[in-house]
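If you're matching positions, the sequence shown starts at 8 in the working numbering and goes up one per residue.
Ideal placement from N, C-alpha and C gives every residue a C-beta, glycine not left out.
First the structure, in the form of structure tokens, and then the observations on it.
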Amino acid sequence: MPEYGRLYCEEKLALARRRDPSLWLGDLDWESEEFTVIAERQFAWEESAARAGSPLLVCDTDAFATELWHERYVGTPAPPLARGRGDLWILTDTAGVPFEQDGWRDGETIREAMSARFAEELRRRRLPHVVVAGPHERRLSEAVDAVDALLGKGWTFTPPR
Numbered sequence: 008m009p010e011y012g013r014l015y016c017e018e019k020l021a022l023a024r025r026r027d028p029s030l031w032l033g034d035l036d037w038e039s040e041e042f043t044v045i046a047e048r049q050f051a052w053e054e055s056a057a058r059a060g061s062p063l064l065v066c067d068t069d070a071f072a073t074e075l076w077h078e079r080y081v082g083t084p085a086p087p088l089a090r091g092r093g094d095l096w097i098l099t100d101t102a103g104v105p106f107e108q109d110g111w112r113d114g115e116t117i118r119e120a121m122s123a124r125f126a127e128e129l130r131r132r133r134l135p136h137v138v139v140a141g142p143h144e145r146r147l148s149e150a151v152d153a154v155d156a157l158l159g160k161g162w163t164f165t166p167p168r
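Set out below in structure tokens:
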């Protein structure tokens, strides 16, 4: 599942650079409402993909992540955002994996702090999650094992209302 927030950032930066070509992502000002839009559009994409019929939907981000990025960029807790129905969050540990700048990442300086923040909130909210660590092959294997275990449990329908 693509990340709507990335598309939004690309468009926001392109518009800002029309006025000042030297601007970069870290130079932009953010409003709470923008994160609401990002979460709602991401949720809509997720819902559309979920209706396509696969028992598995893998997303790079969701409203939970958007809330934490809101904290980072706006400096305050996020307002309530559209919530998906995630069954498992996979958090990648930063230890032993060099930072790779792709032109959009915030920077290595906040990487560990944001990773710790995600881990803290996953625990605090009691969201089902695994932390994958080590070399890429091991991370992938741990993630696949966690997803296989989840799929092995099967699923049920919500009782009718």
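With a cut-off of 8 Å on the beta carbons, I'd call residue 97 and residue 46 a contact; round off their distance for me.
Not quite, the Cβ-Cβ distance comes to about 19 Å (not below 8 Å), so this is no contact.
Under the assumption that residue 70 contacts residue 50 (Cβ atoms under 8 Å), give the Cβ distance between them as a whole number of angstroms.
6 Å
Closest to residue 83 by CA distance: which of 60, 39, 117 and 66 is it?
39
Suppose the cutoff is 8 Å on Cβ atoms and the five residues either side in sequence are ignored; what does the same chain contact list for residue 15 look like?
41, 44, 45 and 48
Identify every run of the alpha helix (DSSP H) within the segment 125-168, keeping only runs that are complete inside it and at least 4 residues long; order them along the chain.
143-159
Let me know the secondary structure DSSP gives residue 98 once reduced to three states.
strand
Report the rounded CA-to-CA distance for residue 53 versus residue 120, giving the unit in angstroms.
27 Å
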